[in-house]
Amino acid sequence: MLVEDPKTLDLLRRMIARLGVDRASEEDLRQEALLHLWWQEQRCPGQKLGWYLRGCWLRVMNILRAGRSIDCPKRHAGRVRYDETWGEQVPSRAVQGVDVRGEVSAHDLVAAMSRRLKARERETLRFLAEGLSDREIARRLHLSHVAVAKRRRKIAAVACRLGIQPPARIRHR
2 MLVEDPKTLD LLRRMIARLG VDRASEEDLR QEALLHLWWQ EQRCPGQKLG
52 WYLRGCWLRV MNILRAGRSI DCPKRHAGRV RYDETWGEQV PSRAVQGVDV
102 RGEVSAHDLV AAMSRRLKAR ERETLRFLAE GLSDREIARR LHLSHVAVAK
152 RRRKIAAVAC RLGIQPPARI RHR
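When you line the sequence shown up against my numbering, it's residues 2 to 174, in that order.
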């Protein structure tokens, strides 16, 4: 088995070390990669080592892209920073001088959009609001991720008609 082969374990260790994450995350990712390697080998035996390693790499990158941790870059806007001047915690955007009082809440945006969406699209929007990826939504709704992407485009079109613009960091993807 590949999960017991020292050469394979070393390749996985070096592959994950190149990502530049902290030690705890590196260990977590290594365990995820090992588990994925074991699972792939059980499901599709007889493949070349590179095929298995590529699958592990894609699994690790999906985990990093999903940003499950509160300290990941994806969740940066929601962080709270301690303000030493006032001795209280304030949202990081307020610390940067952004006035958040005039902003519309996400709940209000979802409610406004929901009135203009079909039931299937509302269901997808609800999962998007929870922060799920297309693939996670597809799994829950028993759809393909392509079908979810199509629904996302319809939701985005409704948002544009309502004048809702995505944040600048998302617009240029």
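Yeah, the Cβ is synthetic: ideal placement off N, Cα and C, and Gly gets one too.
From a predicted model like this one, the values you see are computed outputs, not experimental measurements.
Which same chain residues end up closer than 7 Å to V159 when comparing Cβ atoms and leaving out the 5 residues on each side of it in sequence? Cβ neighbours of V159 beyond the five flanking positions: M114, R117, L118.
Taking the beta carbon of A25 as the centre, do at least 16 other beta carbons fall within 10 Å, making it buried, or is it exposed? So A25 ends up on the exposed side.
By the DSSP assignment, the alpha helix (DSSP H) with C161 in it spans what residues? Counting along the chain, the alpha helix (DSSP H) containing C161 begins and ends at 146-162.
Between which two residues does the alpha helix (DSSP H) carrying Q41 extend? Its alpha helix (DSSP H) spans residues 24-44.
Supposed contact pair R136 and H143 - C-beta distance, whole angstroms, cut 8 Å: The C-beta distance from H143 to R136 rounds to 13 Å, too long to meet the 8 Å contact threshold.
Would you call the CB atoms of L13 and A34 closer than 7 Å? A distance below 7 Å separates the beta carbons of L13 and A34.
In chain order, what residues of the same chain lie with their CB nearer than 8 Å to the CB of R60, ignoring the 5 residues before and after it? In chain order, E33, A34, H37 place their CB closer than 8 Å to the CB of R60, counting only its own chain and leaving out the 5 sequence neighbours on each side.
For M2, which of R15, C45, A18 has the nearest alpha-carbon? Looking at the Cα atoms, C45 is the closest of the given residues.
Given R152, which residues of its chain have a CB within under 7 Å of its CB, disregarding the five upstream and five downstream residues? So the qualifying residues of the chain are R121, E122, T125.
Residues in its own chain within less than 8 Å of R140 by CB, not counting five upstream and five downstream? In its chain, beyond the 5 residues on either side, no residue has a beta carbon closer than 8 Å to the beta carbon of R140.
Using a 10 Å radius around the Cβ and a threshold of 16 neighbouring Cβ atoms, would you call L30 buried or exposed? Burial call: buried.
Looking at C-alpha atoms only, which residue of L65, L163, A18 is the closest neighbour of A112? Out of L65, L163, A18, L163 has the C-alpha closest to the C-alpha of A112.
Taking all protein chains shown into account, do 16 or more other C-beta atoms lie within 10 angstroms of the C-beta of C57, making it buried, or fewer, making it exposed? By the neighbour-count rule (16 or more Cβ atoms within 10 Å), C57 is buried.
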